[in-house]
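Numbering (the working numbering), first residue to last: -13 to 1226.
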């Protein structure tokens, strides 16, 4: 069967062009190739070409060859993986349900091909035709999905591919999803592509942020889009609606513009009437139900709906716009709307579904919905409505669903919803309602089935819920209702009115109260503050009404803290009585659903199963105040047990250390667990106790006098204490029936032998008998019932003389060792330093090898002391001791703040050296370094910070924290003897097996050493020093970078006069060794055929440069030319800003296109008119995008006081580059080239 027959039979109604990655913009050249990162996708009228090459491809013919920058190459056919999956049937034709197929085509390179270097493959039209020919049988609804597999990492199908599919099938729905997934500029290059849309009825562009400026290209297809009925332009950054779409799509009836930047709705010339689905198609019942928003709008299965969706825009004020058209659905969600006009919906009387959800409306005009007599669903949730006008809903006679969730309503006035006779669902969740008026609803309403009042501060159950005939579900979850008061409910209703509400809403028949109910009405009180259920005054009328409520209503109390005290017994007795009479069967929800939460011993017990003596109520002292003994002891609580009138003294968690001195006279139970009681005193009231609970205290014994007093005791809990033994008198208590003893450290000796036998005696119920343990010698203990009788023995105690020998001698020796240790400890630092100075040994305080440290030491100093510190500290540590040094003045990461640089150094360095001189406390860098260094010393590394005082004394330090640190001796002065040795002692000394020293001969630097004189790099724990032009000693194999090649390669760059107009590319460019000694180059032992190939390679970045007119020449010579000579593209206003465009637009566009920015600051910069605007735009972008950086270059004569406050703040807190910096050009190049991964 030919492909044309498939096209005649198969209705492929959607093409899914799926793109989830963020694509770079395409080249606007006239070639048909689309360069996408490292993958090129080219589509002609007959083939789809895919390539993983980054070069442009010019196709010459169809024989499988193409031209590239590398010459003519031979293409191969792509491997295509076809996946066919059945989908839910969505359409039918003349009653026949059409099957749906999803056809996924995954393209990949042929890895088994003879030529492994092939980067281009193609798919022809015949490949798709052959697949379509495989479909036999009846017509199908098909969906094409185009994807790619590795090594083709990213691809997309252009309009040419869509044209190919449309030419083989009957294309009806076109959807483009993803950024840059659709290039409408192709329509300008080839107008024949418009034929792809000739039969399309639904056109969608979703999540394509680059398409806004290209929508006007659709005007090329005028006459080809006449069949389009539905349009979706969602999340495409629209600020206004293209006017040309009014004429390009004249039959439009549905429009969605969600998640754009529109400030007002679009007034469109809508085509009247309804449009039919093509080819006699109809939606299935399930699909039509979904398509109509589950019945919210009335739509025939063979017609398109009429809707207007504007969700997620910026339409904040809707007072001067009037919708017009035959809309069924209008949605304005998530617009931040604060105001709305009274007649905004006056001209759309056919509206059936309106959503104003998730805005910030505080009030609504009274006549807002007066013309919407056909409205079936209204969504107002997520606003800030505090009040609703009484007549707001008076004309919504057909309204079925009303959603007012998440507002601030605190009152529902009488008659507010009385006209809503067809209302079935009403949601008021999350408002401020404390009371619901019975007159707010019409009790004659028979259709309201769902009422949601959850998460409101309601204090009582609204009785109206028991009088609405159709109400099936009432949600009162998470409310403040504390009492389920049946007395109040019955008083405000009646047996007759409740019985009336139980009539069948459809037939009007009364229920048969003797038969099982056909339907249970649910009142959910889950997670509310419900604590009690009240039912008293049991008259015949109240009992009959309670019976109806208990039988036909399910009260859900899950998560409520229901207190089962004596007050709940009225309900228990009544429920039991009704069950005994046969009125209740025992299967009703209250028999299993009403469960206790308090007290603990009754938790999870059902209310219907409670016995009187199991409950109790608080003891009222005011009834008996004649004697001291009748009062409840403080801080305990007292209760009266129901039925027997005995008193319970509850002192749980009261913080007691001993038993109360007095208790009420009728006390029979004392609950004293979870205190800190160590012993039980002989108190008079112990004789009358029947229950004594002392679990989880600090009891160490139970004296004989106490046991003799407990003659009436029946329950004793002494588990989880510190009892090591128990007197056998416990076994003489005749009334004792229940005991707990586990969790005590009993000893298995002669005093506890009786306890084993007593535990096993069946006369006494020891609840935890299988958990009682005793210990032999020093073991952890074993079950007492399993210890043999012969093990229960008592050992003879040692004599005093024997104890003295075993105690005094070891103690004396220990004291002597302590004294010696204290002396050595007090002088430990001086001893270790002297040992290192004269012997070079550093056997103590060695640092473990840890790969997470990038630097051995970080050095900080002021600008005035820079040369001295570089010569006497940095050079010595690098040259003499082979340390990897991060010199903050030289190696700081430009583009980051001072605090971030210091934080990075503190995190990645083993040591921090801070050189302080006069006036150090006025420099932000030194203050930050000192604070963070002290903080790390306090947390985990005591020896992390070393303070060097240069030409000042410790008395000159005013900072209190630093004074305390210096007083401990953790500082050096530059004038003391053996300064370099002492400094070296403070540096990290790794374990010997982890240290690899450089084998070249060290030499002492002469004079002031500049940055380009020394390059220190480190990799894999190796410390290597390399000087330009100096070769390593014989036998040494360090890993190095060839800095000399940088000069050689740089000399190849052609020099031009002035600022170049195009970006200069330096082939074979070598990346200079970074100032922080980044190990990016190949090792000496790696095989290198070409010297240039062994050098590091730099990828060019785009740099935006701003300066004043006075600094133009300096900026060109010192910044622009050096950067462009290294392959970077600079954008400067005098050269690169398009003429005629607004200056602010030029600035924003330039900033957005560059990942780096440079400001040249001098005294003349403030005179630049657009400087502050540019400054704020650049810094805003840096905050939004983590990979963007800005550099401040300070001219030598700059007076920072002349700058504005925010610029001064940036200069003070940022790592800046100064004109007189000796490493100016190297640091500038590092700023432009580095990806700043080391700061992560």
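Ideal placement from N, C-alpha and C gives every residue a C-beta, glycine not left out.
All values derive from a computational prediction rather than experimental measurement.
Item, Value
"Classify residue 92 as helix, strand or coil using the three-state DSSP reduction.", "strand"
"Under 8 angstroms between the Cβ atoms of residue 661 and residue 640?", "yes"
"Hey, quick one: how far does the beta strand (DSSP E) through residue 242 stretch, first residue to last?", "240 to 242"
"Rounded to whole angstroms, what's the CA-CA distance from residue 327 to residue 442? Just pull it up for me.", "30 angstroms"
"Going by DSSP in three states, residue 733 sits in which element: helix, strand or coil?", "strand"
"Just confirm the distance between the C-beta atoms of residue 413 and residue 438, as a whole number of angstroms; I'd bet it's less than 8 angstroms.", "4 angstroms"
"Taking the beta strand (DSSP E) that residue 1175 falls in, what are its first and last residues?", "1175 to 1180"
"What ranges does the alpha helix (DSSP H) occupy inside the segment 1080 to 1153, keeping only unbroken runs of at least 4 residues that lie completely in it?", "1098 to 1101, 1107 to 1111, 1119 to 1122 and 1129 to 1139"
"Report the rounded CA-to-CA distance for residue 936 versus residue 793, giving the unit in angstroms.", "55 angstroms"
"Name the two residues that bound the continuous alpha helix (DSSP H) containing residue 538.", "526 to 538"
"Taking contact to mean 3 or more Cβ pairs, one atom from each stretch, closer than 8 angstroms, check whether the segment 460 to 477 and the segment 487 to 495 are in contact.", "no"
"Which residue from 1149, 1158, 1146 and 1104 puts its Cα closest to that of residue 1130?", "1158"
"State buried or exposed for residue 128, treating a residue as buried only when at least 16 other CB atoms are found within 10 Å of its CB.", "buried"
"State the DSSP-derived secondary structure class of residue 262, mapped to helix, strand or coil.", "strand"
"In this structure, how does DSSP classify residue 253 when only helix, strand and coil are distinguished?", "coil"
"What separation, rounded to the nearest whole angstrom, lies between the Cα atoms of residue 396 and residue 371?", "10 angstroms"
"Mark residue 261 as exposed unless 16 or more other C-beta atoms lie within 10 angstroms of its C-beta, in which case mark it buried.", "buried"
"Grouping DSSP H, G and I as helix and E and B as strand, with all else coil, what is residue 214?", "coil"
"In three-state terms, what does DSSP make of residue 1050?", "Confidence in residue 1050 is poor, its pLDDT being 33 and thus under 50, which makes the residue's placement too unreliable to answer from."
"In this structure, what does DSSP give as the bridge partners for residue 128?", "87"
"Tell me whether residue 442, by its Cβ, gets closer than 7 angstroms to a heavy atom of the ligand GTP.", "Of ligands this structure carries none, so the ligand GTP is not represented either."
"Using the Cβ count rule (16 or more neighbours within 10 Å means buried), how would you classify residue 890?", "buried"
"Given this structure, state the Cα-to-Cα distance separating residue 1004 from residue 880, to the nearest angstrom.", "Note that residue 1004 scores a pLDDT of 30, beneath 50, so its modelled location is shaky; the value from the coordinates is reported in the next line. Their Cα atoms are separated by approximately 21 angstroms."
"Span of the beta strand (DSSP E) holding residue 656?", "653 to 657"
"List the whole-angstrom C-beta distance separating residue 339 from residue 294, where the pair is believed to meet the contact cut-off of C-beta under 8 angstroms.", "In fact, because the Cβ distance is near 11 angstroms, the residues do not count as touching under 8 angstroms."
"For the alpha helix (DSSP H) containing residue 1232, name the first residue and the last one.", "Since the displayed the chain opens at -13 and closes at 1226, residue 1232 lies outside it and no answer follows."
"Which stretch, first to last residue, makes up the beta strand (DSSP E) that contains residue 317?", "315 to 317"
"Just the C-alpha distance for residue 588 and residue 515, rounded to the nearest angstrom, thanks.", "19 angstroms"
"Where do the N-terminal and C-terminal ends of the alpha helix (DSSP H) with residue 563 fall, by residue?", "555 to 567"
"Tell me which same chain residues have a C-beta within less than 8 angstroms of the C-beta of residue 636, skipping the five on either side of it?", "622, 623, 624, 625 and 657"
"According to DSSP, is residue 903 helix, strand or coil?", "coil"
"Buried or exposed, going by whether 16 or more other CB atoms sit within 10 Å of the CB of residue 305?", "exposed"
"Our contact map puts residue 509 next to residue 539 with C-beta atoms below 8 angstroms; I'd like the distance itself, whole angstroms only.", "6 angstroms"
"With DSSP as the reference, please indicate the residues paired to residue 133 in a beta bridge.", "92"
"Beta-carbon within less than 6 angstroms of residue 49's beta-carbon, same chain only, minus the 5 sequence neighbours each way: which residues are those?", "Residue placement at residue 49 is flagged as unreliable, the pLDDT there being 41, under the threshold of 50; a coordinate-derived value is accordingly withheld."
"DSSP three-state label for residue 427, please.", "coil"
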